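Trainee:
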Amino acid sequence: MALSAEPEHVRSASPALAQFVLKAILPHEMAQCVLGDFEEAYRAKEIRKPVSARLWYWRQVLISTSPFLQMRIQTAGPVRIGLLALTALLGYLAIIGWDIYIARGGARFVATQPDGPELLVVRSIYYALYFLGVAVAGALAAGLAFRKHRGFWTNALSGTGPIAIILLFLFMSRVIGGSTDGLLTYLTMRTAIALPALLSGAFLVVIARRRLKL
Amino acid sequence: MTKSNTLGEFEIIVLATLMRLGEEAYGNRISTDIEGRIGRMVSVGAIYTTLTRLEAKGCVTSKLGEATAERGGRAKRYFRITAQGDALLRQSAEAFGQVFDGIITWP
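Chains U and D, in that order, give the protein sequences.
Sequential numbering from 4 applies to the first sequence in our numbering.
Sequential numbering from 2 applies to the second sequence in our numbering.
(1) Could you check whether the Cβ of Val45(D) sits closer than 8 Å to any Cβ belonging to chain U?
(2) I'd like to know whether the C-beta atoms of Ile35(D) and Ile13(D) end up nearer to each other than 8 Å.
(3) Would you call Val100(D) buried or exposed, if buried means 16 or more other Cβ atoms sit within 10 Å of its Cβ?
(4) Compute the Euclidean distance between the alpha carbons of Thr68(U) and Val37(U), then round it to the nearest angstrom.
(5) Starting from Ser93(D), trace the alpha helix (DSSP H) both ways and give me its first and last residue.
(6) Give, in chain order, every residue of the segment 48–59 of chain D whose Cβ lies closer than 7 Å to some Cβ of chain C.
(7) Answer yes or no: does any C-beta atom of chain U fall closer than 8 Å to that of Ala76(D)?
(8) Is Pro70(U) close to chain D, meaning its C-beta is less than 8 Å from at least one C-beta of that chain?
(9) Give the residues of chain D in contact with Phe23(U), contact being defined as C-beta atoms less than 7 Å apart.
(10) Output the boundary residues of the alpha helix (DSSP H) element that contains Glu36(D).
(11) Closest to Tyr60(U) by C-alpha separation, out of Phe97(D), Val45(D), Lys64(D), would be which residue?
(12) Determine which residues share a DSSP beta bridge with Lys64(D) and list them.
(13) So Arg72(D) contacts chain U; which residues on that side make the cut at Cβ distance below 7 Å?
(14) Should Gly185(U) go down as buried or exposed, given a rule of 16 or more other Cβ atoms within 10 Å for buried?
(15) From Arg81(D), Ala76(D), Gly73(D), pick the residue whose C-alpha is nearest to that of Leu52(D); which is it?
(16) Mind checking Ala70(D): buried by the 16 CB within 10 Å criterion, or exposed?
(17) Taking DSSP's pairing of strands, which residues face Thr69(D) in a bridge?
(18) Taking only beta-carbon positions, decide if Ser67(U) is within less than 8 Å of chain D.
(19) Which first and last residues belong to the alpha helix (DSSP H) in which Ala16(U) is found?
(20) Report yes or no: do three or more beta-carbon pairs, one from the segment 79–98 of chain D and one from the segment 46–66 of chain U, lie closer than 8 Å?
(21) Have a look at Ile50(U) and Thr50(D) and give me their C-alpha separation to the nearest angstrom.
(22) Quick one: what does DSSP say Thr7(D) is sitting in, helix, strand or coil?
(23) Please report the straight-line C-alpha distance between Val43(D) and Glu67(D), rounded to a whole angstrom.
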């Protein structure tokens, strides 16, 4: 499907967040057609039952995005999948390394602060930096993984790569997190913090991509 | 038959629906028609991924239609079965006929 339709400026009635999820996951040229189909059906349902129409819309988004994700993985090819897995692993190790050698120092600093409002500020800054660092790492790893396909920055700023990376991280955290011993527990806990950070990073770069029309 | 020129079950359903709907085949219409006939909810996402695959096989073509306010200003994408898709669909139907020959009597 090579053609794409730029939407006219007509106010959409369907849930904005659900639309955003669709736009983030579906290829751009397809997203417009699917959103149009959903909008058409949604408006017809909304007149009769507004609440159930919203539930219907979300359900459609959830069941419609999985075939696209599956298709993307199937069409990626073994080399690209291998590259993605390797990059995810390297990205994961980089995050862990960063966490152990730099952020852990930060954690010690936080631990030595006296109780009070200052501690809250220091903790907030520490976790904000940690969150930001992981999000950026996820986006850059995604860009590297899909480098040969479309170009580094386009991929780094697209939702596809980061979402795929998140899924891989989730898988890896489950595998690694099987044990409750020392370092493994630490890695699992850090991964649990890294996941929402990566997700946030992915969504932020999707917004940036849409705004900058990359 | 090689893998590239065979059709899956859902591909057959979608192609047959395109034949039936003719010029009016787009996402919602295809979904509604299939649901009405096989009594199973079919996601628009599944239909579009199947159509994308069929387009890559040369079985369907698509074109953009009009953008309407009811669709939030977005255009419909109309799909049509190609001669190749038509031939492949008939070939698949014939193969099914042979598989079920003597077992099922078609109405």
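All C-beta atoms, glycine included, are put in the ideal place defined by N, C-alpha and C.
Quick caveat: nothing in here was measured; it's all calculated off a predicted structure.
Mentor: In short:
(1) yes
(2) no
(3) Residue environment: Val100(D) is assigned as exposed (fewer than 16 neighbouring CB atoms within 10 Å of its CB, all protein chains considered).
(4) 10 Å
(5) 84–100
(6) Here the protein chains are U and D, and chain C is not one of them.
(7) Chain U contact via Cβ: present.
(8) yes
(9) Result: empty, since nearest Cβ-Cβ is about 14 Å, beyond 7 Å.
(10) 28–39
(11) Val45(D)
(12) Tyr79(D)
(13) Here the neighbours are Gly39, Glu42, Glu43.
(14) With a pLDDT of only 49 at Gly185(U), under the threshold of 50, the placement of this residue in the model should not be trusted, and no figure is reported.
(15) Arg81(D)
(16) By the neighbour-count rule (16 or more Cβ atoms within 10 Å), Ala70(D) is not buried but exposed.
(17) Arg75(D)
(18) yes
(19) Careful: Ala16(U) lies outside any alpha helix (DSSP H) and carries neither H nor E.
(20) no
(21) 30 Å
(22) coil
(23) 24 Å
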